[in-house]
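Residue numbers (my numbering): 725 to 1431.
All C-beta atoms, glycine included, are put in the ideal place defined by N, C-alpha and C.
Since this is a predicted model, take the numbers as computed values, not measurements.
Working notes for the structure below.
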Amino acid sequence: MEDRRAVADLSRDEAAAELDRLAAAIARADRAYHTEDSPEISDAEYDALKTRNAAIEARFPDLVRPDSPSRRVGGPLAEGFSQVRHAVPMLSLENAFSDEQVHEFDARIHRFLGLGPEAPLAYTAEPKIDGLSLSLRYEGGRLVQAATRGDGETGENVTANARTIADIPRQIDSAPEVLEVRGEVHMRHADFAALNARQAAASAKTFANPRNAAAGSLRQLDPAVTAARPLAFFAYGWGEVSEPLADTQLGAIARLARFGFVTSPLTRLCDGPDEMLAHHAEIEQQRATLGYDIDGVVYKLNDLALQARLGFRSSTPRWALAHKFPAETAWTRLERIEIQVGRTGALSPVARLTPVTVGGVVVSNATLHNEDYIAGRSASGRAIRGGKDIREGDWVQVYRAGDVIPKVADVDLAHRPAGAELYRFPETCPVCGSEAVREPGDAVRRCTGGMACPAQAVEKLKHFVSRGAFDIEGLGAKQVEAFHADGWIAEPADIFTLEARFGAGQITQLKNREGWGEKSAANLLAAIRARRRIALDRLIFALGIRHVGEAAAGVLARNYGTWGDFADAMDAADPGEGLEWERLLSIDGVGKVLAASLVTAFHQPAERAAIDRLLAHLDVEPAAQPRSADSPVAGKTVVFTGALERMTRAEAKARAEALGAKVSGSVSARTDLVVAGPGAGSKLKEAEKHGVAVIDEDAWIALIGAG
Ligand code: IVH
């Protein structure tokens, strides 16, 4: 470390000698830290050693020592990142794209809180940074953990990497004992351009945009690589705190700034929707010159006590809104229309485009939605785009908003090539040849081949291993396609018999595949084994039943509790009638379409048998207890009826759910409690009939301990 000359000035021999010294120094530090538990140098000194090592290796790649510290990861993260369960979930934001939606957001909050439309409410408005969110946990003022958002409940432990980011204090003074700071890791435009230039010069991977670069840099197994990447961090919120930071959002952000965090200088307090929209326009005007990517403006109700009353929906707070900037567009040639077959058999038309840059990202595919969209009409038969149809060879406008799949928005008939033919949507599945039918009322044409259709089978498998489902490390979409093509796996159950079929521990076949080695093959089998134990909500989502998304799977899991109870109920339910059907429908978040889809799937013999084959390999964890498991109403089914006088019905329902209760719209023998206000009628009678306890609003508030 005595030699701090610029890497660019080092001769080859000097570089080789310094790499030797660095390897020895880092090995000693690793031993002291990990094995002897008594670090000899500070984290900063250690990071500096690894950063210098990485920089010299980048300049002299042929001098990289076989035992280089950059090839080893000292800590226990060698196999990937460990998982961190967030003390407070990391949520996402509801999106708005129009001024009306912003007014509606404000009006909805007034209604929820039972305020007249004229009652003034203040909101903060600040840029929505286009990066990735990070939660930083401080205990006694020391940074003890940094975690990515992950699925919102559980993220990846990237503490060592976060420690290398200059904007992130490692130590803060006079902070609450526990403080979780949340914000956005991002990369500034100039830093992004310089990084890509360095990567290109070293023939290393370049990044498509600053956000990818930031994500790729943060999720590095070797913190020295992160340290060498120019990451920045804006703090915009908090998770668990042992004492409140302030009474208002603005006050809390000011407090974070005093702790040493960078907060957005563009944060303003606004008096209502008009001021919010004016600030949105102002930020949008500055967008191109800010020096980092933003994709909208976030509004947050300023009063934290009111934020607490509003609470959360399943994955978004009711008190915040992301007002996105309009989508970016570009014109290009539609070369071909291809049909993809999804896991539910849907035939989806995809536009293959002459690549074009849309808002900084190269786009070569875009969705065309369905056959009506191509024909220029909506599902109800009304003309869209003035009735213009889309043909292969057309000059089309591509539209991209945030993360969503790009869309073809418009077509320019003046540029239509002579002889372009009307597109005929296929009536048979392009993959298996089965008939593709369109049910009345469905916008989508579907292949009738079921699991016999290779496309459906493979898409179902991809869904099964996807992130919110089984999320098997080392078994992504690409591997699933290859394994399916070779006949190794035809249905989810086959994943769990892979190891046995090759003979326990016999992984020769796997490791002989291209791209697989002994270690990756062994890792895959271990990852599969680890997933034999699976959470109920993940399992329900993984089944890939139409209309059953992650949120619905979570609600179902919490309501039925165990796989046995869930499966028994689905088996026993008759679509459209009976007790089990009513119970399913009484679940908040389960509508008729979803319920019918679920019950139908369980009643299809082939599908049911495939589920049984899968379950034979699994040990299903019962649904996680609500975080509020100790509340007196956790797990209870509650019905509100009549008028409530101390809060709106929406707030009462939201609070009950936040305490782990299930709120139902109808009284049955399964109801635990009816909260009745003035004017309650038939539900009160039902409650008497079933012997269900009835209390008034005051007793309810006393019970849940809210004033
Ligand atoms: S507040 C409880 N403020 O946007 C809600 N989020 O689309 C917490 N983001 O996951 C989010 N800038 O990663 C908030 N000023 C800002 C933000 C911001 C960017 C990201 C964040 C979040 C995502 C939701």
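How far does the beta strand (DSSP E) with Lys1048 in it reach, from first residue to last? Ala1044 to Lys1048
Our contact map puts Leu1248 next to Pro1346 with C-beta atoms below 8 Å; I'd like the distance itself, whole angstroms only. The Cβ separation is near 28 Å, so there is no contact.
What number of angstroms, rounded off, separates the C-alpha of Ala1385 from the C-alpha of Ile1428? 11 Å
Leu1137 classed as buried or exposed, judged by whether at least 16 other C-beta atoms fall within 10 angstroms: exposed
Among Lys1048, Asp998 and Leu1309, nearest to Val1022 - alpha-carbon criterion: Lys1048
Proximity to Arg1170 [Cα-Cα], best of Pro785, Thr1152, Lys1184 and Pro1178: Thr1152
Taking the alpha carbon of Ser1158 as the reference point, which residue from Leu1014, Gly1143, Ala1179 and Arg776 has its own alpha carbon closest? Answer by Cα proximity: Ala1179.
Let me make sure I understand the geometry here. Which of Thr775, Arg835, Leu867 and Glu877 has the alpha-carbon closest to that of Leu815? Glu877
Runs of 4 residues minimum, wholly inside the region 1075-1100: which ones carry the alpha helix (DSSP H) assignment? 1095-1099
List in chain order: all unbroken beta strand (DSSP E) runs of 3+ residues lying wholly within the region 800-830. 807-809
For Asn1236, count the other beta carbons within 10 Å of its own beta carbon; 16 or more makes it buried, fewer makes it exposed. Which is it? Its Cβ having fewer than 16 others within 10 Å, Asn1236 is exposed.
Can you check the region 910-961 for any alpha helix (DSSP H) of at least 4 residues that lies completely inside it and give the ranges in chain order? 913-925, 934-942 and 947-951
Please classify Arg820 as buried or exposed, where buried requires at least 16 neighbouring CB atoms within 10 angstroms. For clarity, residue 820 is Ala in the given sequence; the question names Arg instead. Buried, since its Cβ has 16 or more Cβ neighbours within 10 Å.
Express the C-alpha separation of Trp1043 and Asp823 in angstroms, rounding to a whole number. 17 Å
Just tell me which of Gly961, Thr1324, Lys1409 and Ile1252 has its CA closest to the CA of Val986. Nearest option by C-alpha distance: Gly961.
Check: Ala704 C-beta below 8 Å from any heavy atom of the ligand IVH: This structure gives no information on residue 704, because the portion of the chain shown stretches from 725 to 1431.
Top-ranked residue by Cα proximity to Glu781, from Phe916, Val808, Ala928 and Glu908: Ala928
Contacts around Pro800, its chain only, beta-carbon distance under 6 Å, and the 5 residues preceding and following it disregarded: The predicted model places Pro800 with a pLDDT of 33, which falls under 50 and marks its position as unreliable, so this point remains unresolved.
Where does Ser1111 sit, in a helix, a strand or coil, going by DSSP? It is worth fixing the name first, because residue 1111 is Gly in this sequence and not Ser. Collapsing the DSSP output to three states places Gly1111 in a helix.
Cα-Cα separation, Pro1050 to Gly1020: 9 Å
By Cβ distance, which residues of its chain are closer than 6 Å to Glu964, with the 5 residues on each side in sequence left out? Ala811, Val812, Val902 and Glu904
Would you please state the rounded distance, in angstroms, between the beta carbons of His913 and Asp854? I believe it to be under 8 Å. Not a contact, Cβ separation roughly 11 Å.
Output needed for Ala917: all residues of its chain with C-beta closer than 6 Å, excluding positions within five of it in sequence on either side, in chain order. Cβ contact annotation for Ala917 (same chain, cutoff 6 Å, sequence separation greater than five): none.
Under 8 Å: do the region 1053-1071 and the region 884-894 share three or more Cβ pairs, one atom per stretch? no
Own chain, CB closer than 8 Å to Phe957, minus 5 neighbours either side, in chain order: Result list for Phe957: Leu858, Ile889, Asp891, Ile892, Gly907, Glu908, Val909, His910, Phe985 and Val986, in chain order.
Looking only at its own chain, which residues have a Cβ that is under 7 Å from the Cβ of Met1000, when we skip the five neighbours before and after it? Contacts found: Val826, Tyr847, Ala849, Cys994 and Tyr1023.
Which same chain residues, not among the five before or five after Ala1133, have their C-beta less than 6 Å away from its C-beta? By the criterion of a C-beta distance shorter than 6 Å, Ala1133 is surrounded in its chain by Gln1121 and Tyr1123, once the five residues flanking it on both sides are discounted.
Which value, in whole angstroms, describes the spacing of the CA atoms of Pro1041 and Gly1035? 6 Å
Distance between Ala1193 and Leu817 (C-alpha atoms, nearest Å): 22 Å
Of the choices Pro1079, Leu856, Glu1369 and Ala1330, whose alpha-carbon is the least far from that of Val1173? It is Gly, not Val, that sits at residue 1173 in the sequence shown. That would be Ala1330, whose Cα lies nearest to the Cα of Gly1173.
In the DSSP output, which residue or residues are listed as bridge partners for Gln1121? Note: Gln1121 sits in a beta bridge opposite Trp1055 and Asp1134.
At a threshold of 8 Å, does Gly874 count as lining the ligand IVH (C-beta to nearest heavy atom)? no
Closest by C-alpha distance to Gly1315, when choosing among Arg1109, Gly1389, Asp1289 and Ser1244: Gly1389
Cβ-heavy atom distance, Lys1202 to the ligand IVH, below 8 Å: no
List the DSSP bridge partners of Gly907. In the DSSP output, where bridge partners are listed per residue, Gly907 has Leu858 and Ala959.
DSSP beta-bridge partners for Phe1036? Beta-bridge analysis with DSSP links Phe1036 to Pro1041.
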